[in-house]
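Residue numbers (the working numbering), protein chains in the order written: chain A, 218 to 436; chain B, 9 to 232; chain C, 17 to 272.
Worksheet for the structure shown next.
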Amino acid sequence: MNWEFIMKYLPLYEKAAVLTVRIGVMGVVIAIIVGLICAAIQYYKIPVLKHIVGIYIELSRNTPLLVQLFFIYYGLPKIGIRTQADICGVAGLAFLGGSYMAEAFRSGLEAIEPIQAESAMSLGMNRYQMMRYVILPQAMSISIPAFIANVIFLLKETSVFSAISLMDLMFTAKDLIGMYYKTTESLFLLVVFYLIILLPVSIVGSILERRLRYAGFGA
Amino acid sequence: MPDLGLEVLLKGKNMIRLIGGLGVALRISLISVLVSIPLGILLGALMNWKNPITKAILRVYLEFIRIMPQMVLLFLVYFGSTRAFGWELSGETASIIVFILWGTAEMSDLVRGALSSIPKHQYESSEALGLSKVQTYWYIIIPQTLRRLIPLSINLITRMIKTTSLILMIGVVEVLKVAQQIIEANRMSSPNAAFGIYLAVFLLYFLACWPISLLAKYLEKRWK
Amino acid sequence: MAEELLKIEHLTKKFEDNMILDDVSLTVHRGEVIVVVGPSGCGKSTMLRCINALEPTQGGTIEIEGQQISQSSKNLTQLRQKIGMVFQSYELFPHLTVLNNILLAPAKVQKRDKEEVKKEALELLERVGLKDKADSFPRQLSGGQKQRVAIVRALCMHPEILLFDEVTAALDPEMVREVLDVMLQLAEQGKTMIIVTHEMQFARAIADRVIFLEGGKIVEDSDPETFFDHPKTERAKQFLNVFTFEHVKHKTIKKD
Chain A
218 MNWEFIMKYL PLYEKAAVLT VRIGVMGVVI AIIVGLICAA IQYYKIPVLK
268 HIVGIYIELS RNTPLLVQLF FIYYGLPKIG IRTQADICGV AGLAFLGGSY
318 MAEAFRSGLE AIEPIQAESA MSLGMNRYQM MRYVILPQAM SISIPAFIAN
368 VIFLLKETSV FSAISLMDLM FTAKDLIGMY YKTTESLFLL VVFYLIILLP
418 VSIVGSILER RLRYAGFGA
Chain B
9 MPDLGLEVLL KGKNMIRLIG GLGVALRISL ISVLVSIPLG ILLGALMNWK
59 NPITKAILRV YLEFIRIMPQ MVLLFLVYFG STRAFGWELS GETASIIVFI
109 LWGTAEMSDL VRGALSSIPK HQYESSEALG LSKVQTYWYI IIPQTLRRLI
159 PLSINLITRM IKTTSLILMI GVVEVLKVAQ QIIEANRMSS PNAAFGIYLA
209 VFLLYFLACW PISLLAKYLE KRWK
Chain C
17 MAEELLKIEH LTKKFEDNMI LDDVSLTVHR GEVIVVVGPS GCGKSTMLRC
67 INALEPTQGG TIEIEGQQIS QSSKNLTQLR QKIGMVFQSY ELFPHLTVLN
117 NILLAPAKVQ KRDKEEVKKE ALELLERVGL KDKADSFPRQ LSGGQKQRVA
167 IVRALCMHPE ILLFDEVTAA LDPEMVREVL DVMLQLAEQG KTMIIVTHEM
217 QFARAIADRV IFLEGGKIVE DSDPETFFDH PKTERAKQFL NVFTFEHVKH
267 KTIKKD
């Protein structure tokens, strides 16, 4: 293992990692927002919208991110919608992630028995109060495992960004392997950096999950 | 109405080539799943062995496979195997190896989860009825495990099919690569082909995965 | 005669093709304790849920203190504050402490001063013997304790009428009594209550009137002595027989 090589190209990987995280986080945040809106629409069974959301979820869950990205980055410009590569990346993640988040939030909401809502309503609470003080707090904690799994999943999915010429970690690794043939070192750095990004999230997730399991909740 | 580049789809053998590309993806997924299922069950059983060393090694393997993006795993096998073992793997072979490794890891976890979700008193009540350990497993435990396992495995197949889109990056000629070729070939005659073609690819994947996921949902409901 | 607090007139409720409540009419006066009994089915609980507008109805009206209440009422949340309901499954909020369970609605819905409500809550908890559990979570309590907290939670809203939907049906026998005792206390204090229950001896002790609901209709409406000793209708008699054991094959139970 050529440590000199590793040291020399470490900064390049760092830069790539920052790009990956930046786009990843933005994508995840927007995915959460999209997911919350979709989950609310489905929970309250809003006519028309709930069908649109249903179709959206099926479309985005049954197609790979790479194909979605190709379509947004190479296809859409042909009908006039031109986007920068990194915006594409965020948009793709948000499109894909939104449906996964929606499912996670919806299963949390649906896990709360309707009679909890009725009990809140019997006390005179209106819909907003009921959601805010009774339903959402419980639903959130039920959704956490799926939510964390989704975050990790979305961060992993960022590895396809090199396909639309974003200089992320995969791009850097492939470049270096192509140029210098230092396969072992390049791959080593690749693995290390992904571990740096993903391990903390995974560990935080396990801790959160364990905490919530102790908090238990049976009424 | 702007030119959507759709007529390229109808030209010559383009559609067939695209579907053929998807066929590569489906073939790789199918092979990988079929091999992963028995290996995964084996691994799941091995995990229950008391030997701490095998447990630790398996644990590390599982966690690594699950936390690394599939793209990284593909790179590791495709580029790394040449360096480490001197192998000259084709993109397709490397893909199958990675998918089997990944599928086995996922499968073993599913098996472990399905087994542990069977309530303890299933074992107890069947033994109280006089069934032997083997009979208990064969008639009571395994059918129930399969009922939980199968919908989840089908979900795994869908995920694999989607992940095959990545193998384009290690040179395998699958549907996205074919799409690129078609677009390039028709650069002059249909400048907007990219829109139509990638839309078609999008729909092809959807048509491949959606029925399978519906099947999984149906089975899950039925076997609840 | 005390004022009419709750008036149900010609209430009809269907679910799909089944008639659950068939032209039910009932008037409840302030201070009355009404016990509703009858065979298992949806009628009794459904009637309570209709009073609280938790179910849609197909006919008839329900008035509380002269104001109509239904799912389309404009001031539904205000009207619901006048009605306190206790559920068979307690339905405490698991993510809040006992005290916060009780304080939530008075503070957020009635906008009362938190300290004042807290004082009242603790007093009520003391009266049901649960003051030391104020900071516990529902999962740390037994069924009987949870139900008593649920009653306190409903009381703190100062409702005009209290609805009890089979509140002891899910409890272990030892815990049933502690909840029934609380309800007896409330009756003694003059609270207006509608109680759906299977506890016949309790019903006899607490009721001012017993309503027998069967097949969606009120078949009998009498005072407890009449109902339990000399039921006016044949069907009431048959129903009450379910609760008595006269003859077991290898034993004879002597009747005095």
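We put the CB at the ideal spot given by N, CA and C, even for glycine.
Values in this document were obtained by computation on a predicted structure and should not be read as measured data.
Partner residues in the beta bridge of T28 (chain C), as assigned by DSSP, are C:G75. Counting C-beta pairs with one atom in each stretch, the region 86–95 of chain B and the region 21–38 of chain B have fewer than three that are closer than 8 Å, which means they do not touch.
Residue contact check for L286 (chain A) against chain B: no CB pair falls below 7 Å. In terms of Cβ geometry, T77 (chain C) and Q84 (chain C) form a close pair [threshold 7 Å].
With a cutoff of 7 Å on beta-carbon distance, M173 (chain C) and A121 (chain C) are scored as near each other. Distances from the CA of L227 (chain B) to each of B:I162, B:I191, B:P199 and B:W110 were compared; the closest alpha carbon is that of B:I162. By the C-beta criterion, the region 417–426 of chain A is judged not to be in contact with the region 373–391 of chain A, since fewer than 3 inter-stretch pairs fall below 8 Å. Of all alpha-carbon atoms in C:Q205, C:Q217, C:G231 and C:E250, the one lying nearest the alpha-carbon of T260 (chain C) is that of C:Q217. Beta-bridge partners of V51 (chain C) (DSSP): C:I211 and C:V226. A distance of 7 Å or more separates the beta carbons of L200 (chain C) and K162 (chain C). In summary, K248 (chain C) is exposed, with fewer than 16 beta-carbon neighbours lying within 10 Å of its beta-carbon over all protein chains present. In chain order, G47 place their CB closer than 8 Å to the CB of G206 (chain C), counting only its own chain and leaving out the 5 sequence neighbours on each side. Along the length of the region 365–435 of chain A, whole alpha helix (DSSP H) runs at least 4 residues long occupy 386–397 and 400–432, reported in chain order. DSSP lists no bridge partner for G99 (chain B). Residue pairing by DSSP leaves Q130 (chain B) without any beta bridge partner. At a Cβ-Cβ threshold of 7 Å, V49 (chain C) and A223 (chain C) count as neighbours. Chain order gives the chain A residues near K124 (chain C) as M342, Q346 and Y350, where near means a beta carbon separation below 8 Å. Among the residues facing chain C, P354 (chain A) is included, as its CB has a counterpart in that chain under 7 Å away. Under the Cβ criterion of 7 Å, S198 (chain B) is not counted among the residues facing chain A.
Identification of residues in the region 318–344 of chain A having a C-beta nearer than 9 Å to some C-beta of chain C yields E330, I332, Q333, E335, S336, A337, M338, S339, L340, G341, M342 and N343, given in sequence order. Chain order gives the chain A residues near R91 (chain B) as T400 and T401, where near means a beta carbon separation below 7 Å. Selection A:Y273, A:K262, A:M357 and A:L429 evaluated against A311 (chain A) yields A:Y273 as nearest (Cα-Cα). Sequence-distant Cβ neighbours of V114 (chain C) in its own chain, meaning closer than 8 Å and more than five residues away, are L108, L141, L146, K149, A150, D151, S152, F153, P154, L157 and V165. DSSP, read as helix, strand or coil, puts G297 (chain A) in coil. Rounded to the nearest whole angstrom, the CA to CA distance from G121 (chain B) to P127 (chain B) is 12 Å. Note on geometry: alpha-carbon atoms of A187 (chain B) and I205 (chain B) lie some 6 Å from one another.
Residue-level contact check: Y226 (chain B) does not touch chain A, since none of the beta carbons of chain A fall below 7 Å from its beta carbon.
One alpha carbon belongs to L229 (chain A), the other to I190 (chain B), and they sit about 35 Å apart. Of B:G179, B:R195, B:L14 and B:A202, the smallest CA-CA separation from T101 (chain B) is found for B:G179. Looking at A:A234, A:L276, A:L326 and A:Y345, the one whose alpha-carbon comes closest to that of L253 (chain A) is A:L326. By the Cβ rule, the region 193–208 of chain B counts as touching the region 272–291 of chain A, because three or more pairs are nearer than 8 Å.
Under the three-state reduction of DSSP, H45 (chain C) is assigned to strand.
Taking a beta-carbon distance threshold of 7 Å, M55 (chain B) does not count as an interface residue toward chain A.
Rounded to whole angstroms, K130 (chain C) and L171 (chain C) show a C-alpha spacing of 16 Å.
Per DSSP, reduced to three states, the secondary structure at E236 (chain C) is strand. Taking a Cβ-Cβ threshold of 7 Å, the residues of chain B close to G292 (chain A) are A202, F203, Y206 and L207, in chain order.
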